[in-house]
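Undergrad:
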Amino acid sequence: MEQKDGWKAISILIDSGASDSVAPAGTFPGVPIYETTASKGNLFYTAAGGHIIRNEGMCRPIIRTTDGNGYVMSFQVAGVSKALGAVSRIAGAGNRVIFDDPNTVGSCIQNKRTGKCTPLRQHNGVYYLDAWVRWGWP
Numbered sequence: 044m045e046q047k048d049g050w051k052a053i054s055i056l057i058d059s060g061a062s063d064s065v066a067p068a069g070t071f072p073g074v075p076i077y078e079t080t081a082s083k084g085n086l087f088y089t090a091a092g093g094h095i096i097r098n099e100g101m102c103r104p105i106i107r108t109t110d111g112n113g114y115v116m117s118f119q120v121a122g123v124s125k126a127l128g129a130v131s132r133i134a135g136a137g138n139r140v141i142f143d144d145p146n147t148v149g150s151c152i153q154n155k156r157t158g159k160c161t162p163l164r165q166h167n168g169v170y171y172l173d174a175w176v177r178w179g180w181p
């Protein structure tokens, strides 16, 4: 895992089937995990394989995308294997997610207000948002 000047490289899998953006505990070192109504109420997710995963809270890391833009992104914390960015949450935040052939137009998350596109990387048929994550909270 690449690290540089307090930032850690991360690839967030963009998932059209996820109901929430979710990451495993420890994905964002030093970023606090907050107890939420969902974690207090023992909210559970059903994984693609059918097993149950408990919501452990929420974190809001600072991320910087490869095109240089900075954001605070909300993730539910749960026992998943990697960070997942839910298309429904990304779209609900004023964006559209465009999946296209990487050899032509390419894929991106487009801000509906500004039109700016943040590139997505396709690898083995799966789309990723490559970013840098700030260690800890400012």
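Sequential numbering from 44 applies to the sequence shown in the numbering used here.
Glycine residues also receive a C-beta, built at the ideal position from the N, C-alpha and C atoms.
(1) Would you say E99 and S117 are within 8 Å of each other, going by their C-beta atoms?
(2) Which value, in whole angstroms, describes the spacing of the CA atoms of V115 and A174?
(3) Taking Cβ positions, are T79 and T161 nearer each other than 8 Å?
(4) Can you tell me whether G128 is buried or exposed? The criterion is at least 16 other CB atoms within 10 Å of its CB, across all chains shown.
(5) Measuring only the C-alpha atoms, how far is V123 from R156?
(6) State buried or exposed for D63, treating a residue as buried only when at least 16 other CB atoms are found within 10 Å of its CB.
(7) Is the beta carbon of R164 sitting closer than 8 Å to the one on I105?
(8) What alpha helix (DSSP H) runs, 4 residues minimum, are completely inside the segment 64–93?
(9) How far does the alpha helix (DSSP H) with V130 in it extend, from its first residue to its last?
(10) With contact counted as at least three CB pairs below 8 Å, one residue from each stretch, are the segment 66–73 and the segment 133–151 in contact?
(11) To the nearest angstrom, how far is the alpha carbon of I96 from that of R132?
(12) Using the C-alpha atoms, what's the distance from N138 back to I152?
TA: Looking at the atomic coordinates:
(1) no
(2) 12 Å
(3) no
(4) buried
(5) Rounded to the nearest angstrom, the two C-alpha atoms are 32 Å apart.
(6) buried
(7) No, the Cβ-Cβ distance between R164 and I105 is not below 8 Å.
(8) 80–83
(9) 130–135
(10) no
(11) 19 Å
(12) Near 6 Å, if we compare the C-alpha coordinates of N138 and I152.
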